[in-house]
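*Asks:* I have a structure here, written as structure tokens, and I will follow up with some questions on it.
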Ligand code: FPP
Ligand code: MG
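Residue numbers (this note's numbering): 18 to 357.
This is the structure in structure tokens:
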């Protein structure tokens, strides 16, 4: 790794790794993505405008747009369609989150009340539909059939992942393989599609398309495992959402699967109690946290996330050296080590 490390990579690693540094090559494009996102919810209906403005007022980390932009630049893409597709991918992600917050009964996102907490679930479902169908409409008008297929197929996969996760709520016998399959579908598939679209825009050969898609898939797996870990360890203010909310909703994630596989019946009864009282017991919550911390489950989950992250880095380091390749390596490290 050291032999491949460029000056940019080296100095960024020595200093504090932050998103602004990683995004430095694409700040101009990201600004345009923000404008396109605002246009997408521009409507003659005042309620759509009101909720849309609320939704995009506080921007998230914009991980998927940054990934698409950096990957297309890595491949030498010189057009401007990467900006449009970055916005479309972010719009799909946003639509999925507002639906997900209803499914997960989440009241807070990015430090502010979720759309359904403010406007109720009925209008929120419709707003998600609106955003999604406007995305597909834009894609229809601007893309090849292949890209359109990638977008519709990935959404189908995400919905399947979300439904499977919901179906398994409260299932304390969930296996690691089943968990990996769920997060692959609900999260990693969109990371994969994001990278694949950049290679389709750049008209890369099939080998490059596959390699970049695999990079995205592994990165998405690492991302979601860390997301699930932060549910146990994260600071609520920093995360902008309450801790242990997966558990409150009966979502069985990797740290819990690891602990339950060890045959920890003590934990089983604590978790069942926590599910039953919908996360209202502070005492139970602390006990569960103590058990998963002590038995090494958090370390185990982090090691798994690193495995996926290392696979990503290996795949990306196979591309010719460039500032974009360095940024993608740093991005992987950032996503692994983030605390929000
Ligand atoms: C967040 O997971 C949710 C997802 C990654 C995907 C949700 C997908 C859908 C609702 C289906 C797609 C729908 C449309 C309209 C495109 P999480 O609950 O683990 O993360 P969180 O803690 O941030 O909520
Ligand atoms: Mg959720």
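Glycine is no exception: its CB is placed at the ideal position from the N, C-alpha and C atoms.
Please read these numbers as outputs of a predicted model, since none were measured by experiment.
Please write down, chain order preserved, every residue whose beta carbon lies under 5 Å from a heavy atom of the ligand MG.
*Replies:* For the ligand MG, the selected residues are 117 and 121.
*Asks:* If we call anything under 7 Å between Cβ atoms a contact, is residue 114 one with residue 99?
*Replies:* The answer is no: Cβ separation not under 7 Å.
*Asks:* Under a Cβ-count criterion, where at least 16 other Cβ atoms within 10 Å of its own Cβ denotes burial, should residue 299 be classed as buried or exposed?
*Replies:* Result: exposed.
*Asks:* So, under 8 Å CB-CB, residue 318 and residue 272 are touching, yes? Tell me the CB distance rounded to an integer number of Å.
*Replies:* Going by Cβ atoms, the distance from residue 318 to residue 272 rounds to 5 Å, so yes, they are a contact pair.
*Asks:* Give a yes or no on contact between the segment 166-179 and the segment 134-146, applying the rule of three or more CB pairs nearer than 8 Å.
*Replies:* Taking 8 Å as the limit for Cβ pairs, the verdict is that the segment 134-146 does not touch the segment 166-179.
*Asks:* What does a CB cutoff of less than 7 Å around residue 1 pick up in its chain, not counting 5 residues either side in sequence?
*Replies:* There is no way to answer for residue 1, as the model of the chain reaches only from 18 to 357.
*Asks:* At a cut-off of 6 Å, would you count residue 145 as near the ligand SAM, judging by its Cβ distance to the nearest heavy atom?
*Replies:* The ligand SAM is not among the ligands present in this structure, which contains only the ligand FPP and the ligand MG.
*Asks:* Locate the alpha helix (DSSP H) running through residue 150, then write down its first and last residues.
*Replies:* Run containing residue 150: 138-159, per the alpha helix (DSSP H) assignment.
*Asks:* The alpha helix (DSSP H) with residue 224 in it runs from where to where?
*Replies:* Run containing residue 224: 223-250, per the alpha helix (DSSP H) assignment.
*Asks:* Taking one C-beta from the segment 196-208 and one from the segment 275-294 each time, how about it: are there three or more such pairs within less than 8 Å?
*Replies:* The segment 196-208 is not in contact with the segment 275-294.
*Asks:* Do you know whose CA, among 93, 62 and 55, lies nearest residue 76's CA?
*Replies:* Out of 93, 62 and 55, 55 has the C-alpha closest to the C-alpha of residue 76.
*Asks:* Which residue's Cα is closest to the Cα of residue 90: 65, 74, 216 and 53?
*Replies:* The shortest C-alpha separation from residue 90 is found at 216.
*Asks:* When every heavy atom of the ligand FPP is checked, does at least one fall within less than 6 Å of the C-beta of residue 149?
*Replies:* Indeed, a heavy atom of the ligand FPP lies less than 6 Å from the Cβ.
*Asks:* May I ask you to verify whether the segment 221-235 touches the segment 322-341, counting CB pairs closer than 8 Å and requiring at least 3?
*Replies:* Because the criterion of three Cβ pairs below 8 Å is met, the segment 221-235 and the segment 322-341 touch.
*Asks:* Taking just the CA atoms, how far does residue 225 sit from residue 64?
*Replies:* Cα-Cα distance, rounded: 44 Å.
*Asks:* Touching or not, the segment 95-111 and the segment 122-134, by the rule of three or more beta carbon pairs under 8 Å?
*Replies:* These segments do not touch.
*Asks:* Between the Cα of residue 186 and those of 274, 165, 352 and 236, spot the shortest distance and give me the residue it belongs to.
*Replies:* With distances taken between Cα atoms, residue 186 lies closest to 274.
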